[in-house]
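Novice: Numbering (the working numbering), first residue to last: 3 to 224. Quick reminder that beta carbons are idealized off the backbone N, C-alpha and C, glycines included. Below are the structure tokens for one structure; questions will follow.
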Amino acid sequence: MLFDGKHRPKGLEFASCRVCNEATRKDELVVSLLSRFYPQQVKTIQLRDVKKLFRDAERHNPGLLAEMQILEQDKLHQKYAQNNLPSSVGFLRVDGPIVSNAVARFAAKLGFALHCEHTGTPVSQNGGVAVTWYSNVNIVTGDRMPNRLLSMLGPGQTLEMGSFRVPDQFRYSSLATDNNKMSGHLAVFRESFAIEAVVKNSKDHGQLTLPNTFFQVGCFLS
Numbered sequence: 003m004l005f006d007g008k009h010r011p012k013g014l015e016f017a018s019c020r021v022c023n024e025a026t027r028k029d030e031l032v033v034s035l036l037s038r039f040y041p042q043q044v045k046t047i048q049l050r051d052v053k054k055l056f057r058d059a060e061r062h063n064p065g066l067l068a069e070m071q072i073l074e075q076d077k078l079h080q081k082y083a084q085n086n087l088p089s090s091v092g093f094l095r096v097d098g099p100i101v102s103n104a105v106a107r108f109a110a111k112l113g114f115a116l117h118c119e120h121t122g123t124p125v126s127q128n129g130g131v132a133v134t135w136y137s138n139v140n141i142v143t144g145d146r147m148p149n150r151l152l153s154m155l156g157p158g159q160t161l162e163m164g165s166f167r168v169p170d171q172f173r174y175s176s177l178a179t180d181n182n183k184m185s186g187h188l189a190v191f192r193e194s195f196a197i198e199a200v201v202k203n204s205k206d207h208g209q210l211t212l213p214n215t216f217f218q219v220g221c222f223l224s
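Pasting the structure below:
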């Protein structure tokens with residue numbers, strides 16, 4: 003449900019065990035819902051998708067909608083007035099445990115996939131991925147953005163199948179060291195949020211001390 007009307011081009015498809023494949027199913031509903039939150043007009047199909055996602059995400063993640071609710075909208079409009087956000091824009095809380103855990107787990111799975119796609123090899127059993135993410139408010143204000151990683155990444159790409167491309171829904175950029183022992187990735191979902199993932203192929207994760215959550219290979223089996 004991440005893509006409009008479930009129309010997903012081919013690409014970034016990897017074999018995995020059933021347990022790992024099913025582990026983030028509930029998380030993906032949260033991520034799919036979050037990716038619809040951006041201050042732009044939506045098409046009929048997008049409105050239909052988001053209504054369904056509200057129902058499904060809450061049903062499989064009880065308490066999600068209550069966690070995201072913010073009552074003091076006026077204070078936030080005043081706080082971000084200098085960023086020229088439209089007065090019609092509303093705010094949602096996205097740092098609660100349900101949202102944070104769902105996005106982090108999804109981000110880890112995506113980081114493993116992007117490393118394999120970019121280097122041609124899966125992350126080793128001793129490896130892992132450090133993830134963090136940024137809301138569209140972070141992006142607009144420049145707060146906590148990974149400027150160093152952004153400066154190193156090349157042009158972004160998206161999934162495509164013939165003339166069918168979805169850069170307005172999902173795009174990503176990757177880079178890796180010469181020996182493929184470490185890789186960095188940035189994925190953007192519509193104009194809603196961005197995920198940063200840094201993968202390392204060894205037990206030594208000392209350099210991964212970013213404001214992130216770390217996932218070891220095999221984390222979805224426990």
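State the DSSP-derived secondary structure class of V190, mapped to helix, strand or coil.
Specialist: strand
Novice: Quickly, what does DSSP pair M70 with across the bridge? List them, please.
Specialist: Paired residues: none, contrary to the question.
Novice: Please list the segments of the alpha helix (DSSP H) lying wholly inside the segment 113-186, counting only runs of 4 or more residues, in order along the chain.
Specialist: 138-143 and 149-154
Novice: Starting from Q218, follow its DSSP beta bridges and name the residues at the other end.
Specialist: Residue pairing by DSSP puts Q218 in a beta bridge opposite G130.
Novice: Could you pull the start and end residues of the alpha helix (DSSP H) that A25 belongs to?
Specialist: R20 to A25
Novice: Quick one: give me the first and last residue of the alpha helix (DSSP H) that K81 is part of.
Specialist: Q75 to K81
Novice: Can you list, in chain order, the residues of its chain with a C-beta nearer than 7 angstroms to that of R173? Leave out the 5 residues immediately preceding and following it.
Specialist: G158, Q159, T160 and V190
Novice: Could you check which residue in V105, S126 and A110 has the C-alpha nearest to that of L35?
Specialist: V105
Novice: Whose C-alpha, out of S185, F114 and F195, is nearest the C-alpha of Q171?
Specialist: Of the residues S185, F114 and F195, the one whose Cα lies closest to the Cα of Q171 is F195.
Novice: Should S89 go down as buried or exposed, given a rule of 16 or more other Cβ atoms within 10 Å for buried?
Specialist: The residue in question, S89, is exposed, as its Cβ has fewer than 16 Cβ neighbours within 10 Å.
Novice: Just how far apart, CA to CA, sit P11 and V219?
Specialist: Rounded to whole angstroms, P11 to V219 spans 27 angstroms at the Cα level.
Novice: With a CB to CB cut of under 6 angstroms and the five nearest residues on each side skipped, what residues in its chain are close to A110?
Specialist: Close CB contacts of A110 within its chain, under the 6 angstroms cut and outside five residues either way in sequence, are with V131, V133 and F217 (chain order).
Novice: Taking Cβ positions, are S126 and N182 nearer each other than 8 angstroms?
Specialist: no
Novice: Between which residues of its own chain and F166 is the CB-CB distance below 6 angstroms, once the five residues before and five after are set aside?
Specialist: Taking C-beta separations shorter than 6 angstroms and ignoring five residues to either side along the sequence, the partners of F166 in its chain run P11, following chain order.
Novice: Apart from the five residues on each side of it in sequence, which residues of its chain come closer than 6 angstroms, Cβ to Cβ, to R38?
Specialist: V52
Novice: How many Å lie between G113 and F16 at the Cα?
Specialist: 12 angstroms
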